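**Q** So the sequence shown is numbered by our numbering: it starts at 4 and just counts up by one. Ideal placement from N, C-alpha and C gives every residue a C-beta, glycine not left out. No experiment lies behind these values; they were computed from the predicted model shown. I have a structure here, written as structure tokens, and I will follow up with some questions on it.
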Amino acid sequence: MAEQQPRINRRNVLLVAGGLGIGWASRSSPAQAGEEGPGRALRPPGRPYQTTVTTTDGAGIHVVDTGGHGPVVLLLGGWCMSTPWWREQLSGLADRFRVVAIDARAYGESEKVGHGHRIARHAADVRDVVDALGLRGVTLVGWSLAANTILAYLEQYGPYRLARAVYLEMSPYPNNRPSYPVPDPDWELGYADVAAEREFLDAWRADPRAVAADLVDAMFAEPVAASDKAWMVDEILKTPVRAAAEIEWSTFHSDWRAMVPAVELPVLVLSGKQSRVYPNAVGEWMAQHLPDARWHVFTRSAHCPFLEEPEEFNQVLADFAGR
């Protein structure tokens, strides 16, 4: 396919209240009849704009943009995690920043294309969004899988239009104790070994809804309200099973450890102290190996501090992005 310039479809439709997710509950909303567990309900979303950017290889990428003239914060979600997960940042930072969130290809409201489900192409999609929206001086925030999308971006494009980066709850090499191509029996800062990864993907192909529900449970220090868990699971399942498996496998086998000391940007490394996805020690490793890094641990959070401790998260991010 011949390469083309990224372009933007300026629908600029103001999202109606609740439009970033069906069934989002306020903190005071009771669980509906038959829902399990008490859980903590989340605040309803703000009112940003949405648009679509068409990438150089023809994929439609869904973008949520608060607009404004403040410094730019660009948010990249984790595996199958779409823009509604950033609700607290889209509403809580818009008074100081232009906050942009994207659905990676095939995630959320992005086009369900059958190609490009690898980390290098995800990074190219980020550049296409940056170009199409004319973003500069960007603070690029990558959560979980998407944190390594930042490293892939830097490898391909250098710090093009970026000012700083945020590496949130991820490992530069998710594969524990790899045996190939170079054995490293002492590496324990990933989230699984090859056998466990295959088991996970087999389960995902067999029953994606069950896996999505288990994943949500594993990502929070305390159970979320049933109504919130419902929209989270539904958002995960918007990603086609094969596309999700391909980007997961691509990321799992990508080793970025040698890239980390070459990063030229200031980096904020963020960890949830109660994370059951990654050990906190990986945040310390990143902070030690990055040339210009600071490390912050959210003590009451697991894998989702931006939802579990949103006020502290927003303040930490604002202090870094606004400096």
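Rounded to a whole number of angstroms, what is the C-alpha to C-alpha distance between residue 323 and residue 9?
**A** Rounded to the nearest angstrom, the two C-alpha atoms are 29 Å apart.
**Q** Use the C-beta contact count for residue 238: other C-beta atoms within 10 angstroms, 16 or more gives buried, fewer gives exposed.
**A** So residue 238 ends up on the buried side.
**Q** In its own chain, which residues sit with a C-beta less than 7 Å from the C-beta of residue 116, not counting the 5 before and 5 after it?
**A** Hits under 7 Å: 62, 108, 109.
**Q** Tell me the residue span of the beta strand (DSSP E) that contains residue 263.
**A** No beta strand (DSSP E) contains residue 263, which DSSP labels as neither H nor E.
**Q** Which of the three DSSP states, helix, strand or coil, is assigned to residue 228?
**A** Coil at residue 228, not helix or strand.
**Q** Rounded to whole angstroms, how far is the Cβ of residue 75 from the Cβ of residue 101, which I believe are closer than 8 Å?
**A** Yes, residue 75 and residue 101 are in contact; Cβ-Cβ is about 5 Å, under 8 Å.
**Q** Smallest Cα separation from residue 80: which of 93, 156, 106?
**A** For residue 80, the nearest C-alpha among the options comes from 106.
**Q** Buried or exposed: which applies to residue 303, given that a residue is buried once 16 or more other Cβ atoms fall within 10 Å of its Cβ?
**A** Classification for residue 303: exposed.
**Q** Please give me, in chain order, every unbroken run of the alpha helix (DSSP H) with length at least 4 that falls completely inside the region 265–318.
**A** As far as the region 265–318 is concerned, its whole alpha helix (DSSP H) runs of at least 4 residues are 284–292, 308–311.
**Q** Just to confirm, are residue 203 and residue 195 a CB contact at a threshold of 8 Å?
**A** In contact: residue 203 and residue 195 (Cβ atoms closer than 8 Å).
**Q** The beta strand (DSSP E) spanning residue 139 covers which residue range?
**A** Residue 139 -> no beta strand (DSSP E), and no H or E assigned at all.
**Q** In terms of residues, what are the limits of the beta strand (DSSP E) holding residue 166?
**A** 165–171 is the extent of the beta strand (DSSP E) around residue 166.
**Q** Counting beta carbon pairs with one atom in the region 88–99 and one in the region 163–183, are three or more of them shorter than 8 Å?
**A** No: fewer than three Cβ pairs fall under 8 Å.
**Q** If you pair each beta-carbon of the region 269–279 with each one of the region 289–307, do three or more pairs fall below 8 Å?
**A** They touch, by the three-pair rule.
**Q** Check the C-beta distance from residue 158 over to residue 262 and give it rounded, since I have them as a contact under 8 Å.
**A** Yes, they are in contact, since the Cβ atoms of residue 158 and residue 262 sit about 6 Å apart, within 8 Å.
**Q** Need the endpoints of the beta strand (DSSP E) that residue 63 sits in, please.
**A** Residue 63 -> beta strand (DSSP E) spans 63–68.
**Q** On a CA-only basis, which of 182, 193, 72, 180 is nearest residue 174? Give me that one, please.
**A** Of 182, 193, 72, 180, the residue nearest in Cα terms is 193.
**Q** Consult DSSP for residue 190 and reduce its assignment to one of helix, strand or coil.
**A** Looking at residue 190 - three-state DSSP - the assignment turns out to be coil, as it is neither helix nor strand.
**Q** Which class does residue 55 belong to by DSSP, given the choice of helix, strand or coil?
**A** Residue state, collapsed to three classes: strand.
**Q** Just the C-alpha distance for residue 170 and residue 289, rounded to the nearest angstrom, thanks.
**A** Near 9 Å, if we compare the C-alpha coordinates of residue 289 and residue 170.
**Q** Rounded to whole angstroms, how far is the Cβ of residue 283 from the Cβ of residue 300, which I believe are closer than 8 Å?
**A** Going by Cβ atoms, the distance from residue 283 to residue 300 rounds to 6 Å, so yes, they are a contact pair.
**Q** Which residue from 114, 291, 257, 326 puts its Cα closest to that of residue 55?
**A** Ranking 114, 291, 257, 326 by Cα distance to residue 55 puts 114 first.
**Q** Would you decide whether residue 313 is buried or exposed? Buried here means 16 or more other CB atoms lie within 10 Å of its CB.
**A** Result: buried.
**Q** Residue 92: buried (16+ other C-beta within 10 angstroms of its C-beta) or exposed?
**A** Buried: at least 16 other Cβ atoms inside 10 Å.
**Q** On the CB-based measure, 16 or more other CB atoms within 10 Å of its CB, does residue 120 come out buried or exposed?
**A** With 16 or more other Cβ atoms within 10 Å, it is buried.
**Q** Measure from the alpha carbon of residue 267 to the alpha carbon of each residue in 168, 125, 320, 189, then state which is nearest.
**A** Considering only alpha carbons, the answer is 168.
**Q** So residue 78 packs on residue 103, CB below 8 Å; how close in whole Å?
**A** Their Cβ separation, rounded to whole angstroms, is 7 Å, which keeps residue 78 and residue 103 in contact under 8 Å.
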